[in-house]
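Right, one structure below, let's go through it.
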Amino acid sequence: MATAKSDITMEKIVSLCKRRGFIFPSSDIYGGLSSAWDYGPLGVELKSRIQKFWWREMTQLHDEIVGIDASILMHPRVWEASGHVSSFSDVMVEDTVTNERYRWDHLTDEQRETKTSPNGNPLSEPRKFNLMFKTNLGPVADDGSIVYLRPETAQGIYVNFKNVVQTSRVRIPFGIAQVGKAFRNEIVTKNFIFRTCEFEQMEMQYFVHPSEDTRWFEYWKAERLAYYEKLGIRPSRLRFEEHGPDELAHYAKAAFDIQFEFPFGWQELEGIHNRTDFDLSRHTEFSGKDLTYLDDQTNERYLPYIIETSAGLTRSVLMALCDAYEEEEVGENDVRTVLRFHPAIAPITVGVFPLVKKDGLAEKAKEIERALREDFSTFYDQGGAIGRRYRRQDEIGTPFCVTVDYQTMEDGTVTLRYRDSMEQQRVAVAELDATIRDAIRTYKRTDAHRRIGA
């Protein structure tokens, strides 16, 4: 029986990501660029599938939520209205010996009191660093051409509030969803892709009547936690963390984080915030445009309150990798590395192998792989022992493997192997597609037993 090992570290996960083509350091041949990462063939598939899973959950399954894709570059007044120009900064200190910079609030009480860095060196005086990237729009770089790379995607939703109301015939309560890039000039970047300067957000802003904000806030807290369990994330590695009165952002009436237990500790995965009418009132003030909502049934006009769900797509990729990664002792001195992704987000759904290359098995396996490719992400492999081919697919999280053997040529059945349990069954080729679909649909994951099929 396989026994899971518990000593999973970030070093092991980072190593697997580079070795198997999930994530590479940016500009690697030039020595890399701090805080920047490139997604390889498997990484881009994983990220795309998580995004599609989220988009389906937030738009397809909610008839009152619509999507937009706002521009990265926006009018600079947007960021004045939002408060980012004046207050979007971190208090930082610098190690006077190594020149490493640290967020003041991330240091221990003793380090702040003695003004010493984690390396034991003296620290500079604390000072503020603005976190927005500034650039110029147009051929002349002057004060009139300054624009910013957006530090969040939410403002693109707020400034399009009226456009969506007028064109989509939505009625409150309703939501606007968006996935897109954001940029923050993070001085301290660490823990692989957890904190980077360039990242992607998956946000939904839900517009409600001011009298119903508490009800909808609680509704979306429950919905968002349930989403991660649908994604196959172990419930024991998820928790809520409430923001105390001194931790609330200037726009928030209430805020909770959904945290995940990474190998480096519990960290924020997603924020759920009651933003009140702060954003729409500020954009009304700075733009001079009326952003109130008129209820055509009651004739009431008001600024809606906003319940925000804001998740990092980049962090969700790291979460999926950390939660899925396992090393199992399957025999004496034999360790199996496996990524237990939910089948819906696995970069490859089905691996197809001929037992041997000869006697028409390879041709038959390619035929089956081409047929499965219509509905699933597939991979064909005919090199090496069949056990090694299984292990290669386990290591990248492929939930199903199909082996074509001599019996296939006789009765039209193949061996279907399940990643989590390593169990196998004979399935008719004609029933293969439906069997895999059913296994994906009924997939469940718990702390004690993480098995699909069989």
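Under this note's numbering, the residue at position 83 of the sequence shown is numbered 81, and the numbers go up by one with no gaps. Glycine included, C-beta positions come from ideal geometry on N, C-alpha and C.
Give the secondary structure of residue i by DSSP, where H, G and I count as helix, E and B as strand, and everything else as coil.
i	result
T440	coil
M(-1)	Legend: pLDDT at M(-1) = 49, less than 50; position of this residue unreliable, no value from coordinates given.
H241	coil
D26	helix
C195	coil
R176	Strictly speaking, residue 176 in this sequence is Gln, with Arg absent from that position. Three-state DSSP puts Q176 in a strand.
A342	coil
Y249	coil
R368	helix
S234	helix
V333	strand
A360	helix
L289	coil
A81	The displayed chain sequence assigns Gly, not Ala, to residue 81. It is coil, neither helix nor strand.
L311	helix
I434	helix
I11	helix
D379	coil
G65	strand
F276	helix
D445	Caution applies to D445, whose pLDDT of 47 falls short of 50 and renders its modelled position unreliable; the value that the coordinates give is listed next. Three-state DSSP puts D445 in coil, outside helix and strand.
F181	strand
S46	helix
R455	Residue numbering for the chain in the displayed model covers -1 to 452; residue 455 lies beyond these limits and cannot be assessed.
K281	Residue identity differs from the one stated: residue 281 is His in this sequence, not Lys. The answer is helix: DSSP assigns H281 an H, G or I state.
A139	coil
K188	coil
If distances are taken between C-alpha atoms only, which option among the options comes closest to residue i?
i	options	result
F192	M56, K50, E266, V95	E266
F351	A363, P345, A344, A342	A363
D5	F262, T347, D373, S46	F262
V328	F197, R110, D418	D418
F223	T413, R237, L370	Before going on, a small fix: residue 223 reads as Leu here, not Phe. Closest option to L223, Cα to Cα, is R237.
A152	F276, C195, Y100	F276
D36	R390, T312, D373	T312
A428	T376, L370, T106	L370
V336	R389, L71, E367, E361	R389
D379	D373, R368, F22	R368
C195	Y225, P149, N161	P149
A318	L71, R338, G286, Y225	R338
M202	D436, R273, T290	R273
E227	F215, F258, H241, L71	F258
K50	L229, I434, R435, Y291	L229
L414	E408, Q405, L430	L430
E372	Y249, R435, S234	R435
A437	M420, V412, P397, S308	P397
K442	Q422, S308, P233	P233
C399	Q199, R424, Q405	R424
Residue range of the beta strand (DSSP E) that residue i falls in?
i	result
W35	35 to 37
G129	Note on residue identity: the sequence assigns Leu, not Gly, to residue 129. Counting along the chain, L129 falls outside any beta strand (DSSP E), and DSSP gives it neither H nor E.
G349	348 to 352
A426	422 to 426
Would you kindly report the start and end of the unbroken alpha helix (DSSP H) that includes residue i?
i	result
G269	Counting along the chain, G269 falls outside any alpha helix (DSSP H), though it belongs to the beta strand (DSSP E) covering 263 to 272.
R101	Run containing R101: none in the alpha helix (DSSP H); it sits in the beta strand (DSSP E), 99 to 101.
R222	211 to 228
T165	159 to 166
I155	152 to 156
L106	Per the sequence presented here, residue 106 reads as Thr, with Leu not at that position. It is not in any alpha helix (DSSP H) - T106 carries neither H nor E in the DSSP assignment.
What does residue i pair with, by DSSP beta-bridge criteria?
i	result
D255	E239, G269
R386	Partner(s): none; R386 has no beta bridge.
P120	T114
F398	V348, Y416
N134	I144
Q203	I174, E306
R299	L292
F374	None, per the DSSP bridge assignment.
D93	L121
D409	None, per the DSSP bridge assignment.
I21	Y37
L71	L147
D88	F127
F260	G263
Does the beta carbon of residue i fall short of 8 Å from some heavy atom of the ligand COA?
i	result
S166	Here there are no bound small molecules, and the ligand COA is not part of this structure.
Do the region 277 to 295 and the region 332 to 351 meet, that is, are 3 or more Cβ pairs less than 8 Å apart?
-> no
Below 8 Å, can you find three or more Cβ-Cβ pairs linking the region 119 to 133 to the region 173 to 190?
-> yes
Are the region 56 to 70 and the region 162 to 180 touching, with three or more C-beta to C-beta distances below 8 Å?
-> yes
Three CB pairs or more closer than 8 Å across the region 41 to 53 and the region 333 to 343 = Contact between the region 41 to 53 and the region 333 to 343 is present, because at least three Cβ pairs lie under 8 Å.
Decide if the region 110 to 120 is in contact with the region 81 to 101; the criterion is three or more beta carbon pairs, one per stretch, under 8 Å apart.
-> yes
Report yes or no: do three or more beta-carbon pairs, one from the region 7 to 14 and one from the region 307 to 325, lie closer than 8 Å?
-> yes
Cβ pair count under 8 Å reaching 3, the region 133 to 140 against the region 154 to 167 = no
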